[in-house]
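S.K.: Below is the structure I would like to discuss, written out as structure tokens.
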Amino acid sequence: MDFYQFKQEALGRFDEAKKNIGMNSLLQSWNSTGEFVGSVCENFHDYPKERWCEFYENVESCELEESFIEYVEVVLCSDNADKDSYFIGMNILYSLWCLWLFIALGLVADAFFVPNLTKISSQLKLSENVAGVTLVAFGNGAPDIFSAIASFGAGGEVAKLAIGSLIGAGLFVTSVVAGACMITTPFSPAARPLLRDVIFYLWSLYWLLQCLYKGRIEMFDAVGFIVLYIIYVTTVGLGGRFGKILGLTKAKGFTYDDVNDDTVEEAKDSLPASKFASARNTMTLDGETRSRSNTATLGIAKNRIRALSNVSGQVGGTPRPTILSVQQSNEVIFKTRRDYLKEMLTPWDPEEWEEGGIISKILAVFMAPLYLIAKLTVPVVGEDEKETWNRPLAYSQAVSYPWLWYILLQQYGEPNFGAECDANDENCIGGTNRAIVPAAISVFFVALLFITTFKKPLSTPSSAYFLFTIPGFLAGMLWVFVLANEVVGLLTALGFFWKINNVVMGLTFLAWANSIGDLVADLGLSRIGKAGTAVAACFGSPLLNLLVGTGIGCTISIASNDWEAIDLDLRPLEVALLGSTTVVLLCLLVILPIIKYNVGRALGIFQIVLYIGGLVLCVLLGTS
């Protein structure tokens, strides 16, 4: 055995030993001199600027494996790294880029991920309650859930970003958003579903607390979150069924006939154009069911999820007429090929563009490149297939859809199939190019479209169009996941630059970004007399995000990385965050029966004061 082989074998055994005895955290920043042993990335501030790049290259926690851009490397290893103006300028640029990513995450989830979930729910003929806590909930919390999955997948300090985001968003929504709705419109929420959600939420927080107490989330714990979610879904489903049997839920729905024009105009005036679409279709919801159960309102709780109201307007998969659909049914539109091409290449939603104000139009222009690329790569099959069918666009999606996976998963940088490589997967020779897979799939989809549309009118959808629902769902999910990874990577880098704890970054910037939609949409619903609907969703949405985000995120991360567990800490910051959320929920459990569930301005102000107190405490602990 020569020296090179001996060295490679020794290094392999050393790496295996590190995994077995848990030394990764101790040795993650070891280098030949041992100077950076025990360092974490934010410690780069302690070194001269000319050594920042050396620090980056030797401290593993500085590497952002999942994001497309190495945000830390761009700053620390630049030729201009020694200039204060460059460091400040890059921080400003990163902040603006982070804002753009937040908007992009909501846009893609709204326009391309959720509509396909809606269609799948309709095809499966799910009941409202079951759809509300499964597919609808998944779409409703897509940015939150995928951000958590991305954070847990990175492991280490980055995993704490997920804890801060999930609990911080829950604290914000249950206190500030719910409190704002209470201040806007006094109302009486239904006791049974609200108490159910609060109790399940408290139990979920306790489950997370015991994980933090022992310092790790193991596979058993991750599966426990999923099991608790299944129990919750079962409880909701059985509750809805027995509620109808016992007469607790009215069978008659609140339809468009019950809404006058003044109510619709009030809703439109109270929300931006992109938000009005959500509130508008809530007029089709079951009045009693929607005010008594948060699960059925999850589809309209967030402004970015306007398409989910299609599910909420169904019972057993049968669409119920909405104001919008009644208006559209009286319109017959004939489109030429030029019209379809213009529609395909329009980089924003035409309806929202017409209804939106100046700010909405400016945002649409800034998001236009992403919107157009996603539009050309993600099939979206609506409830009315004729309404969403566009033959030129369908061919574009058939060609580009497989290549989307090839590019976003960075398969172009991987070795060929069957290639012979050295120990580090470098210097590969031979094999089949990975591009053959997306090319073959593109040919298949194009052939399928051609066969099913041959000699048919341009406006007639392909008989196989419904099959594009699943690819569209997967493509939308991929876009959301990639953007979530980029958000997590960028926030992690900013935390390093600003010396801010990852938990604090999660409970502030990430939580606010993912929850601001709830605030805008739910306030709009409160102004049109749907405060019960809005507040009910304020407790169901964060509960489901916590269970699904933590359960699925940790399960995937532990299984795919062959980890024993995801390491976490129970420090004063985590105790304060969990304690603040628990106090908010316990106060509601005590106060609501006392005031006989007649909530109003006083309780709303009290909720917001609790949030401010909890936030200040957490930030002080996180920055001390």
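Be aware that the sequence shown starts at 1, since it is given in UniProt numbering, and climbs by one per residue. Even for Gly, the Cβ is constructed at its ideal location relative to N, Cα and C. Keep in mind the model is a prediction, meaning the values are calculated, not measured.
#1: Using 8 Å as the cut-off, can you tell me whether the segment 568-580 makes contact with the segment 605-618, which would need three or more C-beta pairs spanning the two stretches below that distance?
#2: Considering only DSSP beta bridges, list what Arg-216 is partnered with.
#3: Please report the residue range of the alpha helix (DSSP H) in which Val-177 lies.
#4: So Ala-493 and Ser-442 are supposed to be a Cβ contact under 8 Å. How far apart are they, rounded?
#5: Please classify Thr-623 as buried or exposed, where buried requires at least 16 other C-beta atoms within 10 Å of its C-beta.
#6: DSSP on Glu-420, reduced to helix/strand/coil?
#7: Give me the Cα-Cα distance between Asn-501 and Trp-479, rounded to the nearest whole angstrom.
#8: Using the rule of at least 16 other Cβ atoms within 10 Å of the residue's Cβ for burial, across every protein chain shown, is Ser-85 buried or exposed?
#9: Output needed for Leu-620: all residues of its chain with C-beta closer than 7 Å, excluding positions within five of it in sequence on either side, in chain order.
#10: What is the C-beta distance between Gly-549 and Ile-149, in whole angstroms, given that I count them as a contact (C-beta under 8 Å)?
#11: When the Cα atoms are used, what is the spatial distance from Phe-606 to Gly-179?
#12: Would you list the one or two residues that DSSP bridges to Thr-432?
#13: In this structure, does DSSP put residue 629 in helix, strand or coil?
#14: Do Val-482 and Ile-163 have their CB atoms nearer than 9 Å?
#15: Using only the alpha-carbon positions, how far apart do Val-74 and Leu-96 sit?
#16: Straight-line CA distance for Trp-563 to Phe-172?
#17: Quick one: give me the first and last residue of the alpha helix (DSSP H) that Gly-613 is part of.
#18: Would you grab the beta carbon distance between Thr-185 and Gly-529 for me? Rounded to a whole angstrom, and I think it's under 8 Å.
#19: When DSSP builds the beta bridges, which residues end up paired with Phe-187?
#20: Can you list, in chain order, the residues of its chain whose CB lies under 7 Å from that of Asp-258, leaving out five sequence neighbours each side?
#21: Residues in its own chain within less than 6 Å of Phe-187 by CB, not counting five upstream and five downstream?
#22: Are at least three pairs of beta-carbons, each pair with one atom in the segment 427-439 and one in the segment 377-390, less than 8 Å apart?
#23: Apart from the five residues on each side of it in sequence, which residues of its chain come closer than 7 Å, Cβ to Cβ, to Phe-152?
#24: Kindly indicate which residue of Asp-197, Met-477 and Cys-428 has the alpha-carbon position closest to the one of Pro-115.
#25: Report buried or exposed for Leu-144, applying the criterion of at least 16 other Cβ atoms within 10 angstroms of its Cβ.
#26: Looking at Leu-117 and Phe-138, is the spacing between their C-beta atoms short of 9 Å?
#27: Pick helix, strand or coil for Leu-376, following the three-state DSSP scheme.
#28: Would DSSP call Trp-203 helix, strand or coil?
#29: Out of Asn-80, Leu-570, Ala-142 and Asp-110, which has the shortest C-alpha to C-alpha gap to residue 699?
#30: Whole angstroms are fine: how far does the CA of Pro-350 sit from the CA of Val-332?
#31: Go ahead and pull the three-state DSSP assignment for Pro-193.
#32: Which residues in the same chain have their Cβ closer than 6 Å to the Cβ of Leu-212, if we skip the five residues on either side of it in sequence?
#33: Rank Phe-473, Leu-546 and Tyr-597 by C-alpha distance to the C-alpha of Val-202 and give the top, closest one.
#34: Taking the CB atoms as reference points, tell me whether Ser-165 and Gly-540 lie closer together than 9 Å.
#35: Can you list, in chain order, the residues of its chain whose CB lies under 7 Å from that of Thr-452, leaving out five sequence neighbours each side?
M.R.: So, from the data block:
#1: yes
#2: Position 216 of the sequence shown, counted from the first residue, corresponds to residue 216. Looking at the DSSP assignment, Arg-216 forms a beta bridge with Asp-567.
#3: Position 177 of the sequence shown, counted from the start, is the residue given in the question as residue 177. Element bounds for Val-177: n/a, residue is neither H nor E.
#4: The residue you call residue 493 lines up with position 493 of the sequence shown. The residue you call residue 442 lines up with position 442 of the sequence shown. Rounded, the Cβ-Cβ distance is 35 Å, inconsistent with contact.
#5: Position 623 of the sequence shown, counting from 1, holds the residue named residue 623. When all chains shown are included, Thr-623 counts as exposed.
#6: The count along the sequence shown starts at 1 and reaches residue 420 at position 420. Three-state result, Glu-420: strand.
#7: Residue 501 sits at position 501 when you count from the first residue of the sequence shown. Residue 479 sits at position 479 when you count from the first residue of the sequence shown. Taking the straight line joining both Cα atoms gives about 28 Å.
#8: Locating residue 85 in the sequence shown gives position 85, counting from the first residue. Label assigned to Ser-85: exposed.
#9: Walking along the sequence shown from the start, residue 620 turns up at place 620. Nothing listed; no residue qualifies.
#10: The count along the sequence shown starts at 1 and reaches residue 549 at position 549. The count along the sequence shown starts at 1 and reaches residue 149 at position 149. Between Ile-149 and Gly-549 the Cβ distance is about 7 Å, and since that is below 8 Å, they are a contact.
#11: For the purposes of this step, residue 606 is identified with residue 606 of the sequence shown, where counting begins at 1. For the purposes of this step, residue 179 is identified with residue 179 of the sequence shown, where counting begins at 1. C-alpha separation (whole angstroms): 8 Å.
#12: Here the question's residue 432 lines up with position 432 in the sequence shown. For Thr-432, which the question treats as bridged, DSSP gives the partners Phe-417.
#13: No information on residue 629 is available, as it lies outside the stretch 1 to 624 that the chain covers here.
#14: Here residue 482 refers to the residue found at position 482 of the sequence shown. Here residue 163 refers to the residue found at position 163 of the sequence shown. Against a cut-off of 9 Å, the Cβ pair of Ile-163 and Val-482 comes out as no contact.
#15: Mapped onto the sequence shown, residue 74 falls at position 74. Mapped onto the sequence shown, residue 96 falls at position 96. So the two alpha carbons sit approximately 16 Å from each other.
#16: Here residue 563 corresponds to residue number 563 of the sequence shown, with the count starting at 1. Here residue 172 corresponds to residue number 172 of the sequence shown, with the count starting at 1. So the alpha carbons of these two residues sit roughly 32 Å apart.
#17: Looking up residue 613 in the sequence shown gives position 613. Per DSSP, Gly-613 belongs to the alpha helix (DSSP H) from 601-623.
#18: For the purposes of this step, residue 185 is taken as the residue at position 185 of the sequence shown. For the purposes of this step, residue 529 is taken as the residue at position 529 of the sequence shown. Rounded, the Cβ-Cβ distance is 7 Å, consistent with contact.
#19: Taking the sequence shown and counting its residues from 1, the one referred to as residue 187 is at position 187. Paired residue(s): Val-599.
#20: Your numbering for residue 258 matches position 258 in the sequence shown. A caution first: Asp-258 carries a pLDDT of 38, below 50, which makes its placement in the model too unreliable to give a value.
#21: Translated into positions along the sequence shown, residue 187 becomes position 187. These residues qualify, in order along the chain: Ala-531 and Gly-532.
#22: no
#23: Stepping through the sequence shown from its first residue, residue 152 is reached at position 152. So the qualifying residues of the chain are Ala-159, Ala-162, Gly-553, Cys-554, Ser-557 and Ile-566.
#24: Here the question's residue 115 lines up with position 115 in the sequence shown. When only C-alpha atoms are compared, the closest one is Met-477.
#25: As a first step, residue 144 is located in the sequence shown; it is residue number 144 there, counting from the start. In the sequence under discussion, the amino acid at residue 144 is Asp, which differs from the Leu named in the question. Buried: at least 16 other Cβ atoms inside 10 Å.
#26: Your numbering for residue 138 matches position 138 in the sequence shown. Your numbering for residue 117 matches position 117 in the sequence shown. Result yes, Cβ atoms of Phe-138 and Leu-117 sit closer than 9 Å.
#27: To locate residue 376, count along the sequence shown from 1; it is residue 376. Leu-376 falls in the helix class under three-state DSSP.
#28: As a first step, residue 203 must be located in the sequence shown, where it is residue number 203. Correct three-state label for Trp-203: helix.
#29: What the structure shows of the chain is the stretch from 1 to 624, and residue 699 is not part of that stretch, so it cannot be assessed.
#30: Counting from 1 along the sequence shown, the entry for residue 332 is found at position 332. Counting from 1 along the sequence shown, the entry for residue 350 is found at position 350. Caution applies to Val-332, whose pLDDT of 46 falls short of 50 and renders its modelled position unreliable; the model cannot decide the point.
#31: Translated into the one-based positions of the sequence shown, residue 193 becomes position 193. Three-state DSSP puts Pro-193 in a helix.
#32: Here residue 212 is taken as the residue at index 212 of the sequence shown, counted from 1. Only Leu-568, Leu-570 and Glu-574 meet the Cβ criterion.
#33: Your numbering for residue 202 matches position 202 in the sequence shown. Val is not the amino acid found at residue 202; the sequence shown has Leu there. Of Phe-473, Leu-546 and Tyr-597, the residue nearest in Cα terms is Leu-546.
#34: As a working note, residue 165 is residue 165 in the sequence shown. As a working note, residue 540 is residue 540 in the sequence shown. The answer is no: Cβ separation not under 9 Å.
#35: The count along the sequence shown starts at 1 and reaches residue 452 at position 452. So the list reads Ser-462, Ser-463 and Ala-464, once near-sequence residues are dropped.
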